[in-house]
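Worksheet: one structure, shown below.
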(Lines of atoms letter the chains of each structure in order from A and count residues from 1; the text may use other names and numbers.)
(Lines give C-alpha, C1' and ligand atoms only; values in the text may rest on other atoms or scores of the structure.)
Protein backbone atom coordinates (compact mmCIF):
# COMPACT_ATOMS: atom_id res chain seq x y z
CA UNK A 1 0.00 0.00 0.00
CA UNK A 2 1.69 3.17 -1.21
CA UNK A 3 0.30 5.41 1.47
CA UNK A 4 1.57 8.45 3.31
CA UNK A 5 1.80 6.96 6.82
CA UNK A 6 1.80 10.44 8.38
CA UNK A 7 -1.56 11.54 6.98
CA UNK A 8 -4.13 12.37 9.64
CA UNK A 9 -6.92 9.78 9.91
CA UNK A 10 -10.06 10.29 11.98
CA UNK A 11 -11.84 7.09 13.06
CA UNK A 12 -15.35 7.99 14.22
CA UNK A 13 -16.67 5.34 16.60
CA UNK A 14 -13.29 3.99 17.73
CA UNK A 15 -14.76 2.56 20.95
CA UNK A 16 -17.07 0.19 19.04
CA UNK A 17 -16.25 -3.27 17.73
CA UNK A 18 -15.51 -2.13 14.15
CA UNK A 19 -13.94 1.21 15.03
CA UNK A 20 -11.50 -0.34 17.52
CA UNK A 21 -10.55 -2.97 14.94
CA UNK A 22 -9.94 -0.22 12.36
CA UNK A 23 -7.60 1.59 14.77
CA UNK A 24 -5.67 -1.67 15.46
CA UNK A 25 -5.36 -2.42 11.74
CA UNK A 26 -4.24 1.11 10.82
CA UNK A 27 -1.63 1.06 13.58
CA UNK A 28 -0.34 -2.34 12.39
CA UNK A 29 0.01 -0.89 8.88
CA UNK A 30 2.19 1.87 10.32
CA UNK A 31 -0.17 4.87 10.28
CA UNK A 32 1.12 7.28 12.90
CA UNK A 33 -1.48 10.04 13.08
CA UNK A 34 -4.84 8.55 14.10
CA UNK A 35 -7.38 10.90 15.67
CA UNK A 36 -10.18 9.62 17.93
CA UNK A 37 -12.82 11.13 20.21
CA UNK A 38 -15.02 9.26 22.67
CA UNK A 39 -18.75 10.08 22.88
CA UNK A 40 -18.14 12.07 26.08
CA UNK A 41 -15.50 14.16 24.26
CA UNK A 42 -17.52 14.71 21.08
CA UNK A 43 -21.26 14.14 20.62
CA UNK A 44 -21.60 13.43 16.90
CA UNK A 45 -25.30 14.34 16.95
CA UNK A 46 -24.31 17.92 17.86
CA UNK A 47 -23.75 19.76 14.58
CA UNK A 48 -21.81 22.76 15.90
CA UNK A 49 -19.51 20.54 18.00
CA UNK A 50 -18.77 18.32 14.99
CA UNK A 51 -18.06 21.35 12.77
CA UNK A 52 -15.68 22.80 15.40
CA UNK A 53 -13.87 19.46 15.68
CA UNK A 54 -13.29 19.25 11.90
CA UNK A 55 -12.17 22.89 11.66
CA UNK A 56 -9.57 22.36 14.38
CA UNK A 57 -8.36 18.85 13.41
CA UNK A 58 -8.61 18.96 9.58
CA UNK A 59 -8.13 15.19 9.00
CA UNK A 60 -7.04 13.85 5.60
CA UNK A 61 -9.22 10.73 5.78
CA UNK A 62 -12.36 9.82 7.76
CA UNK A 63 -13.66 6.35 8.61
CA UNK A 64 -17.30 6.79 9.70
CA UNK A 65 -17.87 3.73 11.91
CA UNK A 66 -19.88 5.55 14.59
CA UNK A 67 -23.51 4.48 14.97
CA UNK A 68 -26.22 3.66 17.46
CA UNK A 69 -26.50 -0.12 17.18
CA UNK A 70 -28.41 -2.98 18.80
CA UNK A 71 -30.26 -6.23 18.22
CA UNK A 72 -33.94 -6.82 17.39
CA UNK A 73 -35.10 -6.02 20.94
CA UNK A 74 -33.30 -2.65 21.02
CA UNK A 75 -34.39 -1.73 17.46
CA UNK A 76 -38.03 -2.55 18.29
CA UNK A 77 -37.99 -0.66 21.59
CA UNK A 78 -36.20 2.54 20.49
CA UNK A 79 -37.03 3.08 16.77
CA UNK A 80 -37.10 6.89 17.06
CA UNK A 81 -33.64 6.97 18.67
CA UNK A 82 -32.21 4.60 16.05
CA UNK A 83 -33.36 6.62 13.04
CA UNK A 84 -32.75 10.08 14.54
CA UNK A 85 -29.32 9.51 16.06
CA UNK A 86 -27.90 7.62 13.09
CA UNK A 87 -29.12 10.18 10.55
CA UNK A 88 -27.71 13.02 12.66
CA UNK A 89 -24.31 11.31 13.08
CA UNK A 90 -23.93 10.69 9.33
CA UNK A 91 -25.24 14.08 8.22
CA UNK A 92 -23.07 16.01 10.67
CA UNK A 93 -19.84 14.09 10.01
CA UNK A 94 -20.14 14.00 6.20
CA UNK A 95 -21.14 17.66 5.88
CA UNK A 96 -18.50 18.89 8.36
CA UNK A 97 -15.84 16.77 6.63
CA UNK A 98 -16.73 18.38 3.30
CA UNK A 99 -16.66 21.90 4.79
CA UNK A 100 -13.22 21.20 6.29
CA UNK A 101 -11.80 20.06 2.94
CA UNK A 102 -11.67 16.30 3.67
CA UNK A 103 -11.18 14.57 0.31
CA UNK A 104 -11.48 10.92 1.40
CA UNK A 105 -14.24 9.44 3.56
CA UNK A 106 -15.51 5.88 4.07
CA UNK A 107 -19.01 5.28 5.45
CA UNK A 108 -19.72 1.92 7.10
CA UNK A 109 -23.27 0.66 6.73
CA UNK A 110 -25.03 -2.67 7.29
CA UNK A 111 -26.51 -5.56 5.31
CA UNK A 112 -29.95 -4.66 6.74
CA UNK A 113 -30.20 -1.99 3.99
CA UNK A 114 -31.45 -4.74 1.66
CA UNK A 115 -35.12 -5.70 1.28
CA UNK A 116 -36.48 -8.47 3.50
CA UNK A 117 -37.01 -10.74 0.48
CA UNK A 118 -33.98 -9.70 -1.58
CA UNK A 119 -32.68 -12.20 -4.13
CA UNK A 120 -29.94 -14.41 -2.66
CA UNK A 121 -27.04 -13.90 -2.62
CA UNK A 122 -27.71 -10.16 -2.31
CA UNK A 123 -25.90 -7.96 -4.84
CA UNK A 124 -25.50 -4.21 -4.42
CA UNK A 125 -28.23 -3.74 -7.06
CA UNK A 126 -30.85 -5.14 -4.63
CA UNK A 127 -30.83 -1.80 -2.75
CA UNK A 128 -34.26 -0.06 -2.82
CA UNK A 129 -35.96 -2.88 -4.74
CA UNK A 130 -38.43 -3.89 -1.98
CA UNK A 131 -39.80 -3.55 1.56
CA UNK A 132 -37.34 -3.64 4.44
CA UNK A 133 -37.47 -5.96 7.48
CA UNK A 134 -39.90 -4.12 9.81
CA UNK A 135 -37.97 -4.70 13.07
CA UNK A 136 -34.92 -2.70 11.98
CA UNK A 137 -36.41 -0.47 9.26
CA UNK A 138 -35.54 2.83 11.04
CA UNK A 139 -31.86 1.78 11.35
CA UNK A 140 -31.80 0.53 7.74
CA UNK A 141 -33.33 3.79 6.44
CA UNK A 142 -30.62 5.75 8.28
CA UNK A 143 -27.87 3.59 6.75
CA UNK A 144 -29.37 4.01 3.26
CA UNK A 145 -29.37 7.77 3.89
CA UNK A 146 -25.64 7.54 4.69
CA UNK A 147 -24.92 5.87 1.33
CA UNK A 148 -26.98 8.52 -0.46
CA UNK A 149 -25.27 11.35 1.41
CA UNK A 150 -21.89 10.10 0.17
CA UNK A 151 -23.18 9.68 -3.38
CA UNK A 152 -24.89 13.08 -3.41
CA UNK A 153 -21.81 14.93 -2.17
CA UNK A 154 -19.73 13.12 -4.82
CA UNK A 155 -22.18 14.03 -7.57
CA UNK A 156 -22.36 17.69 -6.59
CA UNK A 157 -18.79 18.32 -5.43
CA UNK A 158 -16.67 15.44 -6.75
CA UNK A 159 -15.24 17.31 -9.72
CA UNK A 160 -15.27 20.85 -8.31
CA UNK A 161 -13.76 19.95 -4.91
CA UNK A 162 -12.00 16.63 -5.63
CA UNK A 163 -13.88 14.70 -2.94
CA UNK A 164 -14.25 10.91 -3.01
CA UNK A 165 -16.69 9.54 -0.40
CA UNK A 166 -17.27 5.78 -0.44
CA UNK A 167 -19.50 3.24 1.38
CA UNK A 168 -19.05 -0.37 2.48
CA UNK A 169 -21.84 -2.67 3.71
CA UNK A 170 -20.73 -5.49 6.02
CA UNK A 171 -22.53 -8.75 6.64
CA UNK A 172 -23.02 -9.95 10.27
CA UNK A 173 -19.85 -9.10 12.18
CA UNK A 174 -18.40 -10.65 15.35
CA UNK A 175 -15.14 -10.66 17.30
CA UNK A 176 -13.26 -8.67 19.96
CA UNK A 177 -15.30 -5.81 21.41
CA UNK A 178 -18.65 -7.51 20.70
CA UNK A 179 -21.72 -6.95 22.89
CA UNK A 180 -22.54 -9.95 25.11
CA UNK A 181 -25.66 -8.44 26.69
CA UNK A 182 -28.26 -11.19 27.33
CA UNK A 183 -31.09 -9.25 25.59
CA UNK A 184 -29.41 -6.88 23.14
CA UNK A 185 -26.66 -9.07 21.67
CA UNK A 186 -26.55 -10.64 18.22
CA UNK A 187 -26.55 -14.39 17.61
CA UNK A 188 -22.81 -15.25 17.95
CA UNK A 189 -22.06 -13.33 21.18
CA UNK A 190 -25.43 -14.46 22.55
CA UNK A 191 -24.64 -18.14 21.93
CA UNK A 192 -21.04 -17.83 23.20
CA UNK A 193 -22.39 -16.38 26.44
CA UNK A 194 -25.11 -19.03 26.84
CA UNK A 195 -22.90 -22.03 26.04
CA UNK A 196 -20.20 -20.74 28.39
CA UNK A 197 -22.75 -20.31 31.19
CA UNK A 198 -24.12 -23.82 30.52
CA UNK A 199 -20.59 -25.29 30.65
CA UNK A 200 -19.76 -23.52 33.93
CA UNK A 201 -23.08 -24.59 35.49
CA UNK A 202 -22.75 -28.14 34.08
CA UNK A 203 -26.17 -27.83 32.40
CA UNK A 204 -27.32 -30.87 30.44
CA UNK A 205 -28.77 -28.88 27.55
CA UNK A 206 -29.05 -25.46 25.87
CA UNK A 207 -32.15 -24.40 23.94
CA UNK A 208 -31.68 -22.23 20.84
CA UNK A 209 -34.51 -20.12 19.42
CA UNK A 210 -36.12 -21.30 16.16
CA UNK A 211 -35.69 -24.42 14.06
CA UNK A 212 -31.96 -23.98 13.39
CA UNK A 213 -32.66 -24.18 9.64
CA UNK A 214 -32.15 -20.52 8.54
CA UNK A 215 -28.76 -19.71 7.03
CA UNK A 216 -26.59 -16.73 7.95
CA UNK A 217 -23.24 -15.33 6.86
CA UNK A 218 -20.64 -14.07 9.35
CA UNK A 219 -17.42 -12.07 9.04
CA UNK A 220 -14.69 -11.65 11.65
CA UNK A 221 -14.35 -7.96 12.52
CA UNK A 222 -10.62 -7.72 11.67
CA UNK A 223 -11.46 -8.89 8.14
CA UNK A 224 -14.00 -6.04 7.97
CA UNK A 225 -11.34 -3.55 9.05
CA UNK A 226 -8.88 -4.76 6.40
CA UNK A 227 -11.61 -4.62 3.71
CA UNK A 228 -12.50 -1.06 4.74
CA UNK A 229 -8.89 0.12 4.47
CA UNK A 230 -8.57 -1.69 1.13
CA UNK A 231 -11.66 0.06 -0.29
CA UNK A 232 -10.68 3.47 1.12
CA UNK A 233 -7.30 3.32 -0.62
CA UNK A 234 -8.32 1.88 -3.99
CA UNK A 235 -7.27 3.99 -6.94
CA UNK A 236 -10.25 6.19 -7.92
CA UNK A 237 -10.23 5.07 -11.55
CA UNK A 238 -10.44 1.41 -10.47
CA UNK A 239 -13.17 2.16 -7.89
CA UNK A 240 -15.21 4.09 -10.49
CA UNK A 241 -14.81 1.26 -12.99
CA UNK A 242 -16.51 -1.20 -10.59
CA UNK A 243 -19.25 1.11 -9.24
CA UNK A 244 -21.84 3.60 -10.48
CA UNK A 245 -22.43 7.16 -9.21
CA UNK A 246 -25.84 6.18 -7.75
CA UNK A 247 -24.96 2.57 -6.90
CA UNK A 248 -21.53 3.02 -5.38
CA UNK A 249 -21.61 0.97 -2.16
CA UNK A 250 -19.63 -2.26 -1.84
CA UNK A 251 -20.71 -5.41 0.01
CA UNK A 252 -18.24 -6.95 2.47
CA UNK A 253 -18.80 -10.59 3.37
CA UNK A 254 -17.09 -13.94 3.74
CA UNK A 255 -19.04 -15.45 0.86
CA UNK A 256 -19.97 -18.45 3.04
CA UNK A 257 -23.18 -19.03 5.00
CA UNK A 258 -24.13 -21.77 7.46
CA UNK A 259 -27.31 -22.85 9.23
CA UNK A 260 -28.02 -21.62 12.76
CA UNK A 261 -27.88 -25.28 13.82
CA UNK A 262 -24.34 -25.70 12.39
CA UNK A 263 -23.35 -22.41 14.02
CA UNK A 264 -24.67 -23.51 17.43
CA UNK A 265 -22.81 -26.84 17.27
CA UNK A 266 -19.57 -25.10 16.20
CA UNK A 267 -19.80 -22.57 19.06
CA UNK A 268 -20.57 -25.36 21.56
CA UNK A 269 -17.41 -27.17 20.37
CA UNK A 270 -15.26 -24.03 20.63
CA UNK A 271 -16.59 -23.23 24.12
CA UNK A 272 -16.29 -26.83 25.29
CA UNK A 273 -19.97 -27.47 26.04
CA UNK A 274 -20.76 -31.14 25.43
CA UNK A 275 -24.42 -31.26 26.49
CA UNK A 276 -27.48 -31.47 24.25
CA UNK A 277 -28.49 -28.63 21.89
CA UNK A 278 -32.26 -28.27 21.53
CA UNK A 279 -34.23 -26.02 19.14
CA UNK A 280 -37.45 -24.26 20.11
CA UNK A 281 -39.45 -24.18 16.87
CA UNK A 282 -42.23 -22.12 18.52
CA UNK A 283 -39.81 -19.15 18.42
CA UNK A 284 -39.37 -17.10 15.20
CA UNK A 285 -36.77 -18.05 12.60
CA UNK A 286 -36.55 -14.71 10.80
CA UNK A 287 -35.52 -14.54 7.15
CA UNK A 288 -34.70 -18.00 5.70
CA UNK A 289 -31.37 -16.85 4.23
CA UNK A 290 -29.17 -13.74 4.26
CA UNK A 291 -26.06 -14.05 2.13
CA UNK A 292 -24.19 -11.11 0.62
CA UNK A 293 -22.73 -11.26 -2.86
CA UNK A 294 -19.20 -9.89 -2.33
CA UNK A 295 -18.13 -10.45 -5.94
CA UNK A 296 -17.62 -6.72 -6.54
CA UNK A 297 -15.13 -6.53 -3.64
CA UNK A 298 -13.42 -9.79 -4.62
CA UNK A 299 -12.86 -8.44 -8.15
CA UNK A 300 -11.23 -5.39 -6.52
CA UNK A 301 -8.61 -7.65 -4.94
CA UNK A 302 -9.89 -8.43 -1.44
CA UNK A 303 -10.93 -11.75 0.14
CA UNK A 304 -11.80 -12.70 3.71
CA UNK A 305 -8.92 -14.56 5.40
CA UNK A 306 -10.23 -15.67 8.83
CA UNK A 307 -12.36 -18.84 8.87
CA UNK A 308 -15.48 -18.99 11.05
CA UNK A 309 -13.98 -21.62 13.40
CA UNK A 310 -10.75 -19.63 13.87
CA UNK A 311 -12.71 -16.42 14.34
CA UNK A 312 -14.98 -18.03 16.94
CA UNK A 313 -11.94 -19.21 18.91
CA UNK A 314 -10.60 -15.64 18.96
CA UNK A 315 -14.04 -14.30 19.91
CA UNK A 316 -14.30 -16.78 22.81
CA UNK A 317 -10.83 -15.76 24.07
CA UNK A 318 -12.05 -12.13 24.03
CA UNK A 319 -15.22 -13.14 25.93
CA UNK A 320 -13.15 -14.93 28.61
CA UNK A 321 -10.96 -11.84 29.11
CA UNK A 322 -14.08 -9.79 29.91
CA UNK A 323 -15.96 -12.31 32.06
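Residue numbers (this note's numbering): 15 to 337. Think of the CB as a built atom: it goes at the ideal place given N, C-alpha and C, for glycine as much as any other residue.
Counting along the chain, where does the beta strand (DSSP E) carrying residue 230 start and finish?
-> Start and end: 229-234.
How close, in whole Å, do the beta carbons of residue 104 and residue 160 come, if the pair is a contact with beta carbons under 8 Å?
-> 4 Å
Touch test, the segment 285-293 against the segment 109-125, Cβ-Cβ under 8 Å, three pairs minimum = Contact between the segment 285-293 and the segment 109-125 is absent, because fewer than three Cβ pairs lie under 8 Å.
Count the C-beta pairs between the segment 198-215 and the segment 147-166 that are closer than 8 Å, then say yes if the count reaches three, no if not.
-> no
In three-state terms, what does DSSP make of residue 318?
-> Three-state DSSP puts residue 318 in coil, outside helix and strand.
Distance, Cα to Cα, residue 192 vs residue 281?
-> 15 Å
Hey, residue 265 and residue 238: beta-carbon distance below 7 Å or not?
-> no
Report yes if the C-beta distance between residue 245 and residue 187 is below 7 Å; otherwise report no.
-> no
How is residue 143 classed by DSSP in three states: helix, strand or coil?
-> coil
For the segment 42-95, list the beta strand (DSSP E) runs that are entirely contained and at least 3 residues long, ordered along the chain.
-> Taking only runs of at least 3 residues, the beta strand (DSSP E) segments lying wholly in the segment 42-95 are 47-49 and 75-78.
Enumerate, from N- to C-terminal direction, the unbroken beta strand (DSSP E) stretches of 3 or more residues contained entirely within the segment 171-252.
-> 178-184, 186-188, 219-223 and 229-234
Cβ pair count under 8 Å reaching 3, the segment 97-113 against the segment 60-71 | yes
Rounded Cβ spacing between residue 164 and residue 148 (contact assumed at less than 8 Å) | Rounded, the Cβ-Cβ distance is 26 Å, inconsistent with contact.
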